[in-house]
Amino acid sequence: MSKTFSKLSTLVLGTTLAATVASAGTGELEKIMKKRGLTENDVIRAAKTYLPTGGRDEFVVFSSGGQSGQVMVYGVPSMKILKYIAVFTPEPWQGYGFDEGSKKILRQGNIRGREINWGDTHHPAISEVNGEYDGKWLAINDKANPRIAIIDLADFETRQIVVNPVFKSAHGGAFFTQNSEYIIEACQYAAPFDNNYHPIEEYKETYRGGVTMWKFDAKKGRIIEKDSYTIEMPPYMQDLSDAGKGVSHGWAFTNSFNTEMYTGGIEVGMPPNEAGMSRFDTDFLHVYNWEKLSKLAQNKANYTMINGHKVISMKTAVANDAFFLIPEPKSPHGVDVSPDGEYITVCGKLDTHASVYKWSKIKALIKAKDYVGKDPYGIPILDMKKSLHGQVELGLGPLHNQYSNVKGEIYTSLYVDSQIVKWNYLDLKVLDKENVHYNVGHLCGMEGKSADPQGKYIISLNKLAIDRFQSVGPLHPQNHQLIDISGKTMDLLYDMPVPLGEPHQAVAIRASKLHPHVRYPMGTDVTTGKQHKGKTLAGQERIERDGNKVTVYATMVRSHINPERITVNKGDIVTMHLTNLERAQDETHGFTVDHYNVHASLEPGETATIKFEADIEGVFPYYCTEFCSALHLEMMGYLMVKDPNKKYVSAQKLKMKTMTKTELMAEYKKTVAVNDATEAVIMSVVKFLKENKFGDHKVVAELVTDAFDQFGQIPAQKKLSDAALKAGDIEKAILFENMIWQLMVKTADVGIRAKDALVRLISTKQTTSAQRGEKAFGEGGCGGCHVIGKVSSGPDLTGVLQRHENAEKWVSNFILDPEKMYNDPYVKGMINYFNLKMPNQHMSKDETKDIIEYLKWIDENANLF
Ligand code: CUK
Ligand code: CUA
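In the numbering used here, the protein residues as written are 1204 to 2068.
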């Protein structure tokens, strides 16, 4: 622990802040605060969000990437970005859209035969069990091209894209029902369900809105299209939805705007849409019983097929008492069901109020068939006042809501006021307001829309970031602002610039609920989760030809691609199946063939396919695109494309001096000797690992397995080396010996990491002082000359406290002022031996004390070094 941080934590834990800061008065912290112009509050906020190296966040956020068509993943409270998940747009660095498997997924999103390579992601949703997030699947919609994608949270990769066959846009998705039975997707801009032209003058007759209920198989994590259906709705522009839960389970709610059914026409002298679409004081909240409608959708008599998709008409829905409307304040934007399912909050963005509807009241009105009338399409309308629990004046432009772990507590974004308001939806009281910068859209609470909200933080997803960041041109980054909601009043902690599209909505889940894979079973096609047909193991690499079709079965492992030479004819169709043979964590290899616009990212165990027509002649290097090892640059090969109709004249061979047999033999022996020495080091590590029962510790055992993956390849190479030597090809034998050395280096690399990890696990616990000492030792540069357990350019410090009389004092003095002791006979001898003088590293007295503690800890564990 660094000095600064330990002070900082005292500061944060301190009873009264002012007193603690004053006591830190003379310290490092105050110096830094002064230098950087930080206030006490800044420092506290920093401490609340700071994640030390190697630390983990409590929550993980999935944010829509808006017009980037992706999903962004980051941690809370650190706001560190962890991943961009490729969804509706090609993402070259992950090979998404550049290898065959992911292309297939991206192409599931084709609409009417057209390739679509962008998307406008809005609302991510995590699959639920009893209304609580289960951390298994993430769904997200594309508003521009009505589609839903499913992402597997076992590897954070997109698995499925489905196209809505009847909508022409889809904003209000994705929302899971409480047990992930269905995913709700509401259309936004009403349009004809069929794909024909219909004049806008026939808007009321032929244009339709609706909600699609996508049947979800929560086990497989796939939407089942044939079991899904759409509820026809009037051409009001259905906006956001939410599924009922608890007491309202089985029902769903969707709000709308433009119940005026205005269709604009500036060019024909009409006022613009914005005027006509917000004329009425109220729009309609749509209330429908999806549980009942899903049963109806199983009988042919209740639906019609449009574009191969089931549609239940409004008439059928109404006849079965499954569809109702309730007035809501004009042009609303959010509809959010409380954790228990009893209260439904709708905010009108042109109304200063939030309206809280009460499910039991709505249910009673439905049961009593107590309607105030019907809309032009015959849908019964419930009385607004009788359905309401109450309304609260919040401020200008209320949009979206999130819940916390405190009963009745709700947070609402105020778009126009640029504020977050904390209020209580039970007693309808405003509790607190916090300014944000600027024009907030959605809020993201921690599991804030589930049945089990966690409280602690709210993230404000702002539309503008005018004065928050370094300017990068007229287009500013987006701004996610983290707010602490654990206190009585809110506290804005952190601004995170997002260099991506407009992130509409984000969902947060406890990190402990996510259990992603470390590696794939060997030969996995990650797009299906099954074994890939091109799976290739070491020794099975080959090139097959069938007419003009060339199929390459290739493997990748540090640090070579097998095969390394591929020759094809111009015009051949080349398919390459690539298997990453690694089992080691994070040992990804990338693959590309220059000039051919292909790329694959192969995670450990993955098999992926790239395909291209070799339509240009020439020599094309292919290589691994991830810096995977010290010999990553050497991880390459050549694709040679020759024109079968051309005659090639071979080049005059260059005459070069070659080595004599004696010289070759000398090199061979030297190489073997180096290998033997390296093996001895490996064996000593292995002995240490075995003696200290590495198998008892999972982390260490996994590293050892990785190491032996490399080591196990040595005998085969040795055989080849020996055979070459026997056949008199010393040069080849040297090359194979070099390969052995490469394998040994990789083994040793992981082996030593395993040893270090094991030492940490079995050594005695360090005191905090010893911990500080180790850090000072490292940062002070002591390690440059002293390696613990080994004599290097300076003496081994194991046992140094036994080597001198009054040793602690002796060593302290030596660290603090070495020059003074250069004439001490012992020191003189050392200087002569190492030909080096111990330099003055200007350690403080405290640091020196800590280093002594560290040295004591080393002595306690001397047998481990
Ligand atoms: S929307 Cu963007 S702020 Cu698409 Cu949910 Cu409300
Ligand atoms: Cu594999 Cu670089």
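No residue lacks a Cβ here, since even glycine has one placed at the ideal position from N, Cα and C.
Given the structure is predicted, the values throughout are model-derived calculations rather than measurements.
Is it the case that the region 1420-1431 contacts the region 1332-1342, given that we only count it when at least three CB pairs across the two stretches are under 8 Å?
yes
Complete beta strand (DSSP E) runs within the region 1633-1720 (minimum length 3 residues, chain order)
1643-1648, 1660-1665, 1681-1687, 1694-1701 and 1709-1713
Should residue 1839 be counted as a contact of ligand 2 given a C-beta to heavy atom distance under 6 Å?
no
Given this structure, state the Cα-to-Cα distance separating residue 1740 from residue 1758, to the nearest angstrom.
7 Å
So, for residue 1746: in the same chain, excluding its five sequence neighbours on each side, which residues have a beta-carbon less than 6 Å away from its beta-carbon?
1755
Do we get a CB-CB distance below 7 Å when we pair residue 1498 with the residues of chain C?
Although the question refers to chain C, the structure presented lacks it and comprises just one protein chain.
Three-way DSSP call (helix, strand, coil) for residue 1991 in this model
It is coil, neither helix nor strand.
Consult DSSP for residue 1613 and reduce its assignment to one of helix, strand or coil.
strand
Helix, strand or coil, according to DSSP, for residue 2044 in the structure here?
Collapsing the DSSP output to three states places residue 2044 in coil.
Going by C-alpha to C-alpha distance, which of 1842, 1828 and 1934 sits closest to residue 1863?
1934
Apply the 10 Å Cβ neighbour rule to residue 2060 and answer buried if 16 or more other Cβ atoms are within range, or exposed otherwise.
buried
Whether or not the region 1273-1285 and the region 1252-1265 are in contact is what I'm after, with contact meaning three or more pairs of Cβ atoms, one per stretch, closer than 8 Å; do they touch?
yes
Give me the Cα-Cα distance between residue 1485 and residue 1270, rounded to the nearest whole angstrom.
30 Å
Per the DSSP calculation, residue 1295 is bridged to which residue(s)?
Per DSSP, none; premise fails for residue 1295.
Taking the alpha-carbon positions, what's the residue 1783 to residue 1791 distance?
Computed Cα separation, rounded: 8 Å.
Can the beta-carbon of residue 1413 be found closer than 7 Å to that of residue 1440?
no
If you follow the beta strand (DSSP E) that residue 1429 is in, where does it begin and where does it stop?
1425-1436
Are the CB atoms of residue 1558 and residue 1549 nearer to each other than 7 Å?
yes
Residues near residue 1295 in its chain [Cβ-Cβ closer than 8 Å; skip 5 each side]:
1301 and 1802
With ligand 1 as the reference, list in chain order each residue whose Cβ lies under 6 Å from any of its heavy atoms.
1325, 1326, 1374, 1443, 1536, 1602, 1603, 1644, 1645, 1707 and 1708
Using the rule of at least 16 other Cβ atoms within 10 Å of the residue's Cβ for burial, across every protein chain shown, is residue 1461 buried or exposed?
buried
Return yes when at least one heavy atom of ligand 2 lies under 6 Å from the C-beta of residue 1763, else no.
Outside the cutoff, so no.
With a threshold of 8 Å, are at least 3 pairs of Cβ atoms found where one atom belongs to the region 1977-1990 and the other to the region 1928-1946?
no
Strand pairing of residue 1485, partner residues [DSSP]
1532
Residue closest to residue 1872, alpha-carbon to alpha-carbon, out of 1925, 1842, 1902 and 1850
Proximity to residue 1872 across 1925, 1842, 1902 and 1850 peaks at 1925, based on C-alpha coordinates.
Mind checking residue 1964: buried by the 16 CB within 10 Å criterion, or exposed?
exposed
Bridge-paired residues (DSSP) for residue 1492
1454
Any heavy atom of ligand 2 within a distance shorter than 6 Å of the CB on residue 1802?
No; taking the cut-off as 6 Å, the Cβ of residue 1802 has no heavy atom of ligand 2 nearer than that.
Flag this pair as yes or no: are the beta carbons of residue 1284 and residue 1359 separated by less than 7 Å?
no
What do you get for residue 1975, buried or exposed, if any count of 16 or more other CB atoms within 10 angstroms of its CB means buried?
Classification of residue 1975: buried, given that the 10 Å Cβ count is 16 or more.
Straight-line CA distance for residue 1644 to residue 1507?
37 Å
Less than 6 Å between C-beta atoms, sequence neighbours within five positions excluded: which residues of the same chain meet that for residue 1538?
1443, 1445, 1456, 1458 and 1549
Backbone secondary structure at residue 1395 - three-state DSSP:
coil
Is it right to say residue 1709 is buried, meaning 16 or more other beta carbons lie within 10 angstroms of its own, or is it exposed?
buried
Do residue 1683 and residue 1699 come within 7 Å of each other at the CB atom, strictly closer than that value?
Yes.
Looking at ligand 2, does it come within less than 6 Å of residue 1650, judged from the CB to the closest heavy atom?
Exclusion of residue 1650 from the 6 Å shell around ligand 2 follows from its C-beta lying no nearer than that to any non-hydrogen atom of the ligand.
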